[in-house]
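These notes concern the structure reproduced below.
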Amino acid sequence: MEQTNSRWFFIFVVMSLISIFLFPPRAHADSNWLKYFRKDSLLNTYKTSYAVLEDSVWTGTFGDGLQVYDGSRTQNFTNRSTRTSPSIDDGLVSDYITCISIDEKRGRVWLGTNAGLSSCDLEGKEWQRFTEKDGLPNDVIRDLAIDSYGNLWVGTPSGLAFFDGEAWKTYNESNGLPQASIHSIKVKGDTIWVGSVGGTVARFKDGEWKAVITF
142 MEQTNSRWFF IFVVMSLISI FLFPPRAHAD SNWLKYFRKD SLLNTYKTSY
192 AVLEDSVWTG TFGDGLQVYD GSRTQNFTNR STRTSPSIDD GLVSDYITCI
242 SIDEKRGRVW LGTNAGLSSC DLEGKEWQRF TEKDGLPNDV IRDLAIDSYG
292 NLWVGTPSGL AFFDGEAWKT YNESNGLPQA SIHSIKVKGD TIWVGSVGGT
342 VARFKDGEWK AVITF
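Remember, my numbering sits 141 above the position in the sequence shown when you count from 1.
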C-alpha cells in the first residue's frame, strides 16, 4: 500500500512539472485569458519606465524604443521611425529610454534616454530633442519631473536641469545643490525633492536648496 502511494505521488509531481513547462502562467483580462509576449507586439521584456494618461500607457524599453497603447491599438516609436527623413538626425534621440513624464497642460511627453532628452506631442508627433549642446548638463537622463507651473526638471549624473519652455538652467554644487549626481526627483506642491547617488536628499523651495538627509 505504501509503495502504491509513493508511486502515485511520484506521478503527480512529474505531471505537475510538465504542466508548468507546457502551460505557463497567464494574465486574466475581463472574461478571457490572454498571454502577451514579444511576438504579440510586446516590444521588449526589459521595461525601464512607463507613464499613464487616461487610457493610454506610454512604455519605454531598453533598446527597442517606445510603445504606446491607447486601449485599442499599439504604436511603436523608434529612433528610425520618428525621423522626418533618413538624412536628417531628428526624432527620438535614442531607443534606450530611461524615464518618461507627461505634461498634460502643454500636451507634451518627455522621454529621458541614455543619449539625451526627447519630446513629442500626445499623438507621437512634433518631435524635439535636447542634448548637452542645448543646455543639458549631461546626456544621460536618470529621472524627469514636471512641477505645478509646467516647468521640467531633469536629473543627470552632472546636475539637475531646469527648463521653463524657453531656456535651460543647471543646478550643481556651484549654485547650492549638495550633490550633483542625481538619480530621482519628486515634486510636492511648490517643493522639489531630489535624491542623489551619494545618498543625499535635498529640497528646493523658495529659490534655495537645503540638504535634508546627508551621508
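The C-beta atom is built at its ideal place from N, Cα and C for all residues, glycine as well.
Treat the numbers as computed from the prediction; the structure is a model and nothing was measured.
Q | Nearest residue (CA-CA) to GLU98, options ILE354, ASP211, LEU207 and SER242 | A | Residue 98 lies beyond the residue range present for the chain, which begins at 142 and ends at 356; the question has no answer from this structure.
Q) Which stretch, first to last residue, makes up the beta strand (DSSP E) that contains ASP284? A) Run containing ASP284: 284 to 287, per the beta strand (DSSP E) assignment.
Q: Pull up the distance between the alpha-carbon of GLY330 and that of TYR290, whole angstroms please.
A: 10 Å
(Q) Pop quiz: GLY306 and HIS324 are said to be a contact at Cβ under 8 Å. What is the actual Cβ separation, rounded to whole angstroms? (A) Contact flag wrong, Cβ pair sits at about 25 Å.
Q: Within its chain, find whatever has a CB closer than 6 Å to the CB of GLY317; leave out the 5 residues flanking it on each side and keep chain order.
A: TRP350
Q. Whose C-alpha, out of GLN216, GLN208, PHE271 and GLY248, is nearest the C-alpha of GLY232?
A. PHE271
(Q) In the DSSP assignment, the beta strand (DSSP E) including PHE304 goes from what residue to what residue? (A) 300 to 304
Q.
Between the alpha carbons of ILE243 and PHE356, how many angstroms are there, rounded?
A. 32 Å
Q: Round the Cβ separation of GLY206 and ASN220 to the nearest angstrom and send it over; I've been treating them as touching at under 8 Å.
A: With a Cβ gap of about 7 Å, GLY206 and ASN220 count as contacting.
Q: Within 10 angstroms of the Cβ of VAL209, are there 16 or more other Cβ atoms? Answer buried if so, exposed if not.
A: buried
Q. For the candidate residues THR297, LYS274 and ALA302, whose alpha-carbon lies nearest to that of ARG283?
A. THR297
Q: Following the continuous beta strand (DSSP E) through PHE345, name the residue where it begins and the one where it ends.
A: 342 to 346
Q) What number of angstroms, rounded off, separates the C-alpha of ASP230 from the C-alpha of THR223? A) For ASP230 and THR223, the distance between alpha carbons rounds to 10 Å.
**Q.** Buried or exposed (CB count within 10 angstroms, at least 16 for buried), PRO278
**A.** buried
Q. Is ASN217 helix, strand or coil by DSSP?
A. Correct three-state label for ASN217: strand.
Q. Looking only at DSSP bridge pairs, what is ALA321 linked to?
A. The bridge partners DSSP lists for ALA321 come to none.
Q. Can you tell which of GLY340, PHE303 and TRP309 has its C-alpha closest to the C-alpha of PRO319?
A. GLY340
Q: Please state whether DSSP places LYS274 in a helix, a strand or coil.
A: Judged by DSSP in its simplified three-state form, LYS274 adopts helix.
(Q) Which same chain residues end up closer than 8 Å to ALA170 when comparing Cβ atoms and leaving out the 5 residues on each side of it in sequence? (A) Residue confidence for ALA170 is low, a pLDDT of 42 falling below 50, so the modelled location carries little weight and cannot support an answer.
Q | Three-way DSSP call (helix, strand, coil) for GLU195 in this model | A | coil
Q: Let me know if ALA343 comes out buried or exposed under the rule of 16 or more other beta-carbons within 10 Å of its beta-carbon.
A: buried
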